[in-house]
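These protein sequence lines are chains L and F, in that order. The first sequence runs 63 to 409 under our numbering. The second sequence runs -12 to 600 under our numbering. Built from N, CA and C at the ideal position, the CB exists for glycine as well.
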Amino acid sequence: MANRPARGPKVNAAGLSKADYNGRPTTLCKGCGHNSISSQIITTCYELSIKPWDIIKLSGIGCSSKSPAYFLGQSHGFNALHGRMPSVGTGALMANRQLLAVGVSGDGDSGSIGMGQFKHMMRRNVRMVYIVENNGVYGLTKGQFSATADEGQFLKYAGKNELPPIDLCIEAIVAGAGFVARSFSGDAKQVRTLMKAALSYNGTALLDIISPCVTFNNDESSTKSYPFGKDNELPLHDLTYVPSFEEIEAVEYEPGEMQNVDMHDGSTIQLRKLEEDYDPTDKMGALHRLQWAEQKREFITGLIYYDDKRKPLDEVEMLVDEPLATLPDEKIRPPKEKLDMIMNELL
Amino acid sequence: MAIREAASQAAPLPEGVDPIVNDFSIVVATANGTGSQTANLAIMRAIFKMGIPVNGKNIFPSNIQGLPTWYHIRVSGDGYVARRANSEVLVAFNEATAIEDLQNLPSGGVCIYRDDLKGLPNREDVSMYPVPVVKLLKEIGAKGQFRDRYTNMLYVGVVAYLLNIDLEKVDLALDIHFKRRRKLVDMNMDVIKLCYNWAAENLTKTDPFVVEPLDKTEGKILMTGNDAAGLGTVFGGLTVCTWYPITPSTSMIDAVNAYLPRMRVDEESGKATYAVVQAEDELAAIGMVLGAGWAGARSMTATSGPGISLMSEFVGLGYFAEIPGVIWNIQRVGPSTGLPTRTGQGDIIPAYYCGHGDTKNILLLPGTIHECFQMGTTSFNLAEQFQTVVFVLSDLDLGMNTWMSEVFDYPEEPINRGKVLTAEEVEEKGFARYKDLDGDGIGYRTLPGTKSTKAAYFTRGTGRNSAAVYSERAEDWLETMDRLMRKFDTAREAVPAPIVEEMDDSSYGIISFGTTMYAIEEARDRLAAEGTKTSFMRLRALPIGQAVRDFVAKHDRVYVIEMNRDGQMHTILRDEMPEMNMKMISIAHQDGMPLTARYVVDRLNELEAQHGK
């Protein structure tokens, strides 16, 4: 694809047009928040000039998990079992640590049936962008509450929700995740910026994106609705992602207003603070802020928590650089002398 | 404690008694968690090193410490290694079971017992040898944790004296056990020699059991099936191993973890060419296996019955989405927790049909530790060739007990990665993931990371067409399921062939698989000695091929022998060969213990009396 005609469609540094990042047409409802997230994944990968074959798309089961068919049609995808995407991703990334993994899950997939796998993925710190398209409701089965639904909320089909919501950002931080963000599918720019930063992160990066279900849970009384999100989103900071191949622009800010987070691949996240004393590198502060937000029904968004001190699983396992999947036979079957050695020990 | 010299002479046989040489069983009764395994293995390995065939079976409880455990050592100059229902020589070192253990001894048996056991009656028809454990421990000066360990070594010395086991071979056995760490060997040998000498001075042999050197174990090794299987997967090209602890599979992973760092660290970088991940449960373990298999690794997990139940949804996905992966099922006794430390063959049907909807899986059925080793390669090759989940069904008896074997040959079977297209091949020929281009039911796949814009496909458990595009069309569904069946039929002649031993003019045929072969081999010899000739086919895989059909067709009656209640293999064989199903008669027995030759002989004779006339 190197020699594209000069007057053809606009291409990125990889020589690909944006259309090269498209998937099949969506079959989700018109206006579904998930479609907007799919678009941001397409734009992000195009803008970062990622080669589609370097990416794998993974998902569990549910509306959210259908969406990997609707973006990056030139990337391998695996629509796995309900709540089990993390284990499939872990295996795939052990087999080939050079892949960039984008996982898409939902609140039912991660907050209920897959809670164990969700938490263990955070704990293992497998290098992967983990997107939860969070709408508080089961869509494909027609409107049951999920574990992230608001306490006391009413839904036509399900009645009243008597149980408190699970906050996936809190669960992720407690489980050891080092990149935990919350966003809103109606805030395309922030979603995109967080995605870019997440792709640079050396471990599991959780993006808990409130992504309204226009069919079953879009009443303004729900914290997972468009009207609520649009009126109440409270970004903790303005985010800018500066990839490693770009210069950081020197802009004048008041002291203390800016915070730069340098990532291991040389890129930087610039945070212009909107909430003055919020520091995303303070774990206890992050947990405190999340709890406070839940109590006050505040919809905080942004990079909630960042820490890059833990190694990802492939480094913990001390894997060779090349993919295990394609090692030549002589590297995966020891020579005869090694078997003789073992046999001699037994004789 | 100074190194002592042992008395040079073994116990003299009582006058006028004919010796029973190299043909008896020893049972050592101890409490779980006292470290008696080292002592038991030392006795067995020493006899083995004298050239005499042996087999060791640990009959242990689901418990960490305190409950009774029995170690059975069969000594057989004729080379029979099946379990025997009764042992002649008892080492009674567990107070909790001593009275019953003594009752179980046949008349003329031997009882070597701690002299401080309370309430142990004297049996006039048994040779009784008391061992003054407290006195001897005091003499040794053993304190604290060493007391238990040395208590077990005490009986090694006494048994060695009474049965005429060569002390040099005991030393050699411990040398292998402790991996040449001489200090440990010498410490233990000191205790053994002291007790040997004590026995020589204080015991008078009144029983006829002795061992005499033979030349039947030269070039042979002793190993557990799980150890052999772990080693086999390492030589089979294992790259991603995932697991969740469950008896009796855990020791296979222990072996994998022991061998991989010794053999599979990249010499240039010093880094691992493998990943071993302990999963949070069996669902995650199999999920990782399939994720890795999809991405091109040779991936494996090991589990047992309850784990298979948890994995079944993923196995169905692997079957339908056509993803390679290997599951070792070291079978124990179910349903549910069942008898977790006892052996059985009750997972044949659950594994063969594992998954929901229409699924059928390839099963490998090792019967020897050498096959455990070989199937380390075969299982990965079949999984990648057929792009499917392959089960290897071992069992607790094979996996955790210690067996003789010829030294393992370097695997002859080359590593076969199956139909995987490169970027160049995709660019040149295009790619439709599930298209049956070769008529064998097996499509071509690409691995994630293949550098071509045409290489990608979407893997899913929902309906699809041959280009891997979502489809709910009836024709596409039928095409997929028919092709999967065609693929399964291709596997029939690609899996390991059965082993057949025929006798001329045999009265009937016997089909079995796995560890039941040892009791059956011995039973067939006994039957032949009584004039009944039999033919024997040992299955090594499912699905069956033509050889099995031919074997059944050739005989008037075929007994299918297995260790479960419902006759699971019998059911599968009758389903596969409905036209011959009246010829196949089930012998299914499950009590948690390995089959005995006596049971097989009795049951065959009983059924022949009904059917054979």
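Since residue i sits in a beta bridge, which residues does DSSP pair it with?
{"i": "Asn196(L)", "result": "Ile272(L)"}
{"i": "Trp57(F)", "result": "Ala16(F), Ile46(F)"}
{"i": "Thr446(F)", "result": "Phe140(L)"}
{"i": "Glu267(F)", "result": "Paired residue(s): none; Glu267(F) is not in a bridge."}
{"i": "Ser381(F)", "result": "Ile317(F)"}
{"i": "Ala575(F)", "result": "Glu549(F)"}
Could you tell me the boundaries of the alpha helix (DSSP H) in which residue i lies?
{"i": "Trp185(F)", "result": "169 to 189"}
{"i": "Ala242(F)", "result": "237 to 250"}
{"i": "Cys107(L)", "result": "95 to 109"}
{"i": "Trp464(F)", "result": "461 to 478"}
{"i": "Leu218(F)", "result": "212 to 222"}
{"i": "His299(L)", "result": "Careful: His299(L) lies outside any alpha helix (DSSP H), inside the beta strand (DSSP E) at 299 to 304."}
{"i": "Gly291(L)", "result": "288 to 294"}
{"i": "Gln555(F)", "result": "555 to 563"}
{"i": "Pro337(F)", "result": "335 to 339"}
DSSP state of residue i, grouped into three classes?
{"i": "Met403(L)", "result": "helix"}
{"i": "Lys105(F)", "result": "coil"}
{"i": "Ala289(F)", "result": "strand"}
{"i": "Gln318(F)", "result": "strand"}
{"i": "Ile(-10)(F)", "result": "With a pLDDT of 47 at Ile(-10)(F), under the threshold of 50, the modelled position of this residue cannot be trusted, and the question is left open."}
{"i": "Gly283(F)", "result": "coil"}
{"i": "His598(F)", "result": "helix"}
{"i": "Tyr263(L)", "result": "coil"}
{"i": "Tyr368(L)", "result": "strand"}
{"i": "Phe165(F)", "result": "coil"}
{"i": "Asn568(F)", "result": "helix"}
{"i": "Gly386(F)", "result": "helix"}
{"i": "Ile531(F)", "result": "coil"}
{"i": "Met63(L)", "result": "Unreliable positioning characterises Met63(L) in this predicted model, as indicated by a pLDDT of 48, which lies under 50. The coordinate reading is nonetheless provided below. It is coil, neither helix nor strand."}
{"i": "Gly430(F)", "result": "coil"}
{"i": "Phe301(F)", "result": "helix"}
{"i": "Val73(L)", "result": "strand"}
{"i": "Pro114(L)", "result": "helix"}
{"i": "Cys98(F)", "result": "strand"}
Verify the CB distance criterion: does residue i have a CB-CB separation below 9 Å to chain L?
{"i": "Ile(-10)(F)", "result": "Legend: pLDDT at Ile(-10)(F) = 47, less than 50; position of this residue unreliable, no value from coordinates given."}
{"i": "Lys272(F)", "result": "First, the residue type needs correcting, since residue 272(F) is Ala and not Lys in the sequence shown. Chain L contact via Cβ: present."}
{"i": "Ala443(F)", "result": "yes"}
{"i": "Leu304(F)", "result": "yes"}
{"i": "Lys258(F)", "result": "yes"}
{"i": "Lys406(F)", "result": "no"}
{"i": "Asp268(F)", "result": "yes"}
{"i": "Met210(F)", "result": "yes"}
{"i": "Ile548(F)", "result": "no"}
{"i": "Val198(F)", "result": "no"}
{"i": "Thr433(F)", "result": "yes"}
{"i": "Glu300(F)", "result": "yes"}
{"i": "Thr365(F)", "result": "no"}
Give a yes or no on whether the minimum CB-CB distance between residue i and chain F is below 9 Å.
{"i": "Met184(L)", "result": "no"}
{"i": "Phe133(L)", "result": "no"}
{"i": "Phe140(L)", "result": "yes"}
{"i": "Gln136(L)", "result": "yes"}
{"i": "Leu120(L)", "result": "yes"}
{"i": "Glu407(L)", "result": "yes"}
{"i": "Pro114(L)", "result": "yes"}
{"i": "Ile404(L)", "result": "yes"}
Along the chain, where does the beta strand (DSSP E) that runs through residue i open and close?
{"i": "Trp230(F)", "result": "227 to 230"}
{"i": "Ile486(F)", "result": "486 to 488"}
{"i": "Pro117(F)", "result": "114 to 118"}
{"i": "Met524(F)", "result": "521 to 526"}
Please indicate yes or no: does the CB of residue i lie closer than 8 Å to some heavy atom of the ligand ZN?
{"i": "Cys91(L)", "result": "Annotation note on the ligand ZN: not contained in the displayed structure, which lists no ligands."}
**OP:** With 8 Å as the limit, tell me which residues of the stretch 278 to 289 of chain F have their beta carbon closer than that to any beta carbon of chain L; keep them in chain order.
**Re:** Gly278, Ala279, Gly280, Trp281, Ala282, Gly283, Ala284, Arg285, Ser286
**OP:** Output, in sequence order along the chain, the residues in the stretch 144 to 178 of chain L whose CB is closer than 7 Å to any CB in chain F.
**Re:** Arg146, Ser149, Val150, Gly151, Thr152, Gly153, Ala154, Met156, Ala157, Asn158, Gln160, Leu161, Gly178
**OP:** Can you give me, in chain order, the residues of the stretch 379 to 398 of chain L that have a beta carbon less than 8 Å from any beta carbon in chain F?
**Re:** Glu379, Met380, Leu381, Val382, Asp383, Pro385, Leu386, Ala387, Thr388, Leu389, Asp391, Lys393, Ile394, Arg395, Pro396, Lys398
Subject >> Interface residues of the stretch 407 to 424 of chain F facing chain L [CB-CB below 7 Å] >> reply: none
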